[in-house]
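Q: Its first residue numbered 26, the sequence shown is counted upward by one per residue in the working numbering. Ideal Cβ placement from N, Cα and C applies to all residues, glycine included. Small disclaimer: the values here were computed from a predicted structure and weren't measured. Starting off with a structure, shown below.
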Amino acid sequence: MTFKLYLWSNLSIKKLMRKFMLIWLMFSSLLLTAQTGDVLQQIKSQAQKINSIEAAFVQTKNISFIDEQLISNGKFWFSRPDKMRWEYQSPFFYSIIIDGDNITVIDDKKESRFDAASNAMFGQIKQVIMNMVNGKMFDDPDYHASLKEENNYFVVNFETVNEAMKEYIFSIDLYFTKSGYLMEKIKMNEASGDNTVIEFSNQKINQSLPGHVFKP
């Protein structure tokens, strides 16, 4: 074999390999996109089947200028379509109750009431919280969703595209179990680098909840 023929042969093989590699990458990308879409659809579908939740939670707040983590715990209740109670029980008492557009905040013994329909900030906060629980966040134009795997979880990252919301939340990570697509952890990331991690336990799904739970 002449040197020119040998060189041409090697170049042809390299071109062929590059073409195969390009095709493989395109095919892999399509498969990954399809798989991501399937998983996100499964998570969304499962979330929409949830009518009520009762759970305990532990919240860990990481602040850059404080060495020690701020840890609190409490209970959480949700009832479709728009009722929720988020209650910190230790080391302090603080409760947020949402019933439609009515928001009640109980700080120790002080009670404050807000109307989400007329208060833009509380309206946005209410919408984010509800959308995380009921699966509507996947359709929220204020967030871009992406998927990754982490140990036993599918992690859906919602990156904020709404500039006004970025002042409060830069992105949100929702951790869903691979076995049943149940959300067990939330991580809220701020633009400053601080974050809040909420881990749920003892979750009771679609069981009847007493009406007084959503009353102050």
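State the Cα-Cα distance for the pair residue 197 and residue 134, rounded to the nearest angstrom.
A: Each residue's alpha carbon lies about 31 angstroms from the other.
Q: Indicate the three-state DSSP secondary structure (helix, strand or coil) for residue 218 in the structure shown.
A: Here residue 218 sits in coil by DSSP.
Q: Just checking my contact of residue 112 with residue 120 at CB under 8 angstroms: how many whole Å lie between their CB atoms?
A: Contact holds; Cβ gap of about 4 angstroms.
Q: What is the DSSP secondary structure of residue 236, counted as helix, strand or coil?
A: Note: residue 236 maps to helix in three-state DSSP.
Q: Quick check: what's the CA-CA separation for residue 34 versus residue 173?
A: Unreliable placement is indicated for residue 34, whose pLDDT of 40 sits below 50; no coordinate value is reported for it.
Q: Under three-state DSSP, which class holds residue 198?
A: Reduced to three states, the DSSP call for residue 198 is strand.
Q: Does DSSP classify residue 89 as helix, strand or coil?
A: In the structure shown, residue 89 sits in coil (DSSP, three-state: anything other than H, G, I, E or B).
Q: If you reduce the DSSP assignment to three classes, tell me which class residue 97 lands in.
A: Looking at residue 97 - three-state DSSP - the assignment turns out to be strand.
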